[in-house]
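Undergrad: The following block contains the structure, expressed as structure tokens.
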Amino acid sequence: MLDSKYLRQDIEQAAARLATRGFELDIAAVTALEEKRKTLQVQTQELQSERNASSKAIGQAKAKGEHEKAQQLLDSVSNLGDQLDSVKAEQDAVLEELKQIALAIPNLPDESVPVGEDEDQNVEISTWGTPKSYDFEVKDHVDVGQDVNGLDFEMGVKISGARFTVMRGQVARMHRALTQFMLDTHTEQNGYTEMYVPYLVNSASLYGTSQLPKFAGDLFHTLGLVDDDGQQQPGFSLIPTAEVPLTNSARDEIYDESDLPIRLTAHTPCFRSEAGSYGRDTRGLIRQHQFDKVELVQLVKPEDSMQALEELTGHAEQILQALELPYRKVILCTGDMGFGAAKTYDLEVWLPAQNTYREISSCSNMVDFQARRMQARFRRQGEKKPELLHTLNGSGLAVGRTLVAILENYQQADGSIVVPEVLRPYMGGLEVIK
RNA sequence: GGAGAGAUGGCAGAGUGGUCGAAUGCACCGGUCUUGAAAACCGGCAGGGGUUUGUAGCCCCUCUAGGGUUCAAAUCCCUAUCUCUCCA
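Numbering (the numbering used here), first residue to last: 98 to 531.
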């Protein structure tokens, strides 16, 4: 959510900045509603003030035993209630309308973000590593995985359906080893605290990190219980990323300045409906309804958040480097960024079979956008007023896609897969999957 | 599954219709005293919003959440959520 004061004061500028990411702000509508809000709010408060004063006077009169005076006052405020109710109802309707608009406005892009319409205008920042050359025909991860009997797509379809996969044996073990390696790296070297969090969350959390109200269709939702009156109660939703539970740990909190920065990491499965992505990446592990991810979240002071984004992205890069997987770092243009992001770097890993780079991590600075929705704040030493903190999140990394990258980059002519050195301690010293 | 109790400021805890946004204690912050600290004493100490040039003043809202009764609700009623106790 954007700062409503900023929106009021400089709606033209806000609209211009939002336009760079393809969002059209209806200035006339917002301004008109805002005018209405102002009038109604002042009216409501004046009536409330009047009522409060009278009530107080009635109480005092009764306490002194002045019953006649009390009765007079009572008569004079008799119709105040109805007036107040109608004005208040009008005000509530306007406030609700403004709130719905506010919840649907995306974040302002940071000044440093290149302006562009879609992913074609994203800008490569750097590359790391050199794609290997192979003296044999490279297979994609589907064939590599199936040939060692480690990936079973048919079984996933049987058990659940499309976009579900079963892993088996040493491949499943490597998948587990990857999460262990990632978590250990982030907790032991990068100062993150490991968290175990719920995978089912309430709607308040989803509003907090801004999956709701706009992106309900991207999520899986459970049905709530049916109560005694036969009413369907609201259910939980499956997390699309650990960003939701991790970031919402700060919801309605006021931290001491000395608590910050807070760095959290968690390994969770992620669940996405992938509605609207029919036909895309239907082969293989790239786009699944369920996949594992190690997530990095930081809660920081506003002045530290841009530096924190660089560091957080570096933490994700560290995993790719340790696994010796070639990748590139891209800054997303205004048109390709997620709803709540002010600035985003994507890390894309080299996939030899596709002869291209594919996203494996997305690291974003949300600045105060989520914090405002969540009322996640901190108090500076010696200051009275709490301030909104800044939130960041990034994948460190998507585990399934990392496995894909290893299967493809570490394949050998005989169909076996070399285990990256850093993973061997996690796999009982295993060097090759045959 | 059955019965009951509860949810108040950072924490503990009073308040059961009328100057209560809320006693008191602890914690915290500032000051006096002290070489320094402790103790003692003095003072401060919830959040959100509106109006406004204003971090001034004034006003509104918030005692788990939502609804209701009333001129007036932390206090009465209903619902939800959570916590605890006892029984099976």
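Ideal Cβ placement from N, Cα and C applies to all residues, glycine included.
1. Are there 16 or more other CB atoms within 10 angstroms of the CB of Y293, so buried, or fewer, so exposed?
2. Measure from the alpha carbon of S513 to the alpha carbon of each residue in F475, R474 and V245, then state which is nearest.
3. What's the gap between the Cα of S209 and the Cα of H283?
4. Expressed to the nearest angstrom, what Euclidean distance is found between the alpha-carbon atoms of S307 and A274?
5. I'd like to check one pair, M434 with R118: are the Cβ atoms closer than 8 Å?
6. Below 8 Å between beta carbons: does that hold for D249 and R265?
7. Taking the alpha carbon of H386 as the reference point, which residue from G156, K166, S152 and G253 has its own alpha carbon closest?
8. Could you tell me which of R377, L303, Q472 and N506 sits nearest to D232, measuring between CA atoms?
9. Only counting runs of 3 or more residues, tell me where the beta strand (DSSP E) segments fall wholly within the segment 190–267, in order along the chain.
10. What residue does the beta strand (DSSP E) around L309 start on, and which one ends it?
11. Quick check: what's the CA-CA separation for Y442 versus R148?
12. Going by beta carbon distance, what residues of the same chain come within less than 7 Å of F333, once the five residues before and after it are set aside?
13. For Q467, count the other beta carbons within 10 Å of its own beta carbon; 16 or more makes it buried, fewer makes it exposed. Which is it?
14. Is it right to say S183 is buried, meaning 16 or more other beta carbons lie within 10 angstroms of its own, or is it exposed?
15. Using the three-state DSSP reduction, which class does Q169 fall into: helix, strand or coil?
16. Quick one: what's E456 bridged to in DSSP?
17. Could you tell me the alpha carbon to alpha carbon distance between L130 and S146, rounded to whole angstroms?
18. For I383, which of helix, strand or coil comes out of DSSP?
19. For a test of the three-state rule: what should DSSP assign to M471, helix, strand or coil?
20. Quick one: what's got a C-beta closer than 8 Å to D356's C-beta in the same chain, skipping five residues either side?
21. Between the segment 387–394 and the segment 364–374, do three or more beta carbon pairs fall short of 8 Å?
22. According to DSSP, is L422 part of a helix, a strand, or is it coil?
23. Given G162, which residues of its chain have a CB within under 6 Å of its CB, disregarding the five upstream and five downstream residues?
24. Measuring straight from C-alpha to C-alpha, what distance separates V382 and L504?
25. If you reduce the DSSP assignment to three classes, tell me which class Y523 lands in.
26. In this structure, does DSSP put R360 in helix, strand or coil?
27. Can you tell me the Cα-Cα spacing of T362 and R348, whole angstroms?
28. Could you tell me which residues DSSP puts in a beta bridge with D389?
29. Write down every uninterrupted run of the beta strand (DSSP E) in the segment 122–168 whose length is 3 residues or greater and which is fully enclosed by it, in chain order.
30. Quick one: what does DSSP say S175 is sitting in, helix, strand or coil?
31. Is there contact between the segment 185–202 and the segment 133–141, where contact requires at least three CB pairs shorter than 8 Å?
32. Compute the Euclidean distance between the alpha carbons of L171 and Q106, then round it to the nearest angstrom.
33. Suppose you measure from the CA of L195 to the CA of V127; what does that come to, to the nearest Å?
34. Along the chain, where does the beta strand (DSSP E) that runs through I351 open and close?
35. Run through DSSP, which three-state label would Q286 get?
36. For a test of the three-state rule: what should DSSP assign to L409, helix, strand or coil?
TA: Straight from the coordinates:
1. exposed
2. Residue V245 holds the alpha-carbon nearest to the alpha-carbon of S513 among F475, R474 and V245.
3. 27 Å
4. 32 Å
5. yes
6. Yes, the Cβ-Cβ distance between D249 and R265 is below 8 Å.
7. G253
8. N506
9. 220–225
10. Careful: L309 lies outside any beta strand (DSSP E) and carries neither H nor E.
11. Cα atoms of Y442 and R148: separation of roughly 55 Å, rounded to the nearest angstrom.
12. L297, V298, N299 and T319
13. buried
14. exposed
15. Under the three-state reduction of DSSP output, Q169 falls in the helix class.
16. E445
17. 24 Å
18. coil
19. helix
20. F475
21. yes
22. coil
23. none
24. Going by the sequence as given, residue 382 is Leu instead of Val. Using only the alpha carbons, I get a separation of about 11 Å.
25. Per DSSP, reduced to three states, the secondary structure at Y523 is helical.
26. strand
27. 17 Å
28. P366
29. The segment 122–168 contains no whole beta strand (DSSP E) run of 3 or more residues.
30. coil
31. yes
32. 42 Å
33. 7 Å
34. Element bounds for I351: I351 to D353.
35. Q286 falls in the coil class under three-state DSSP.
36. helix
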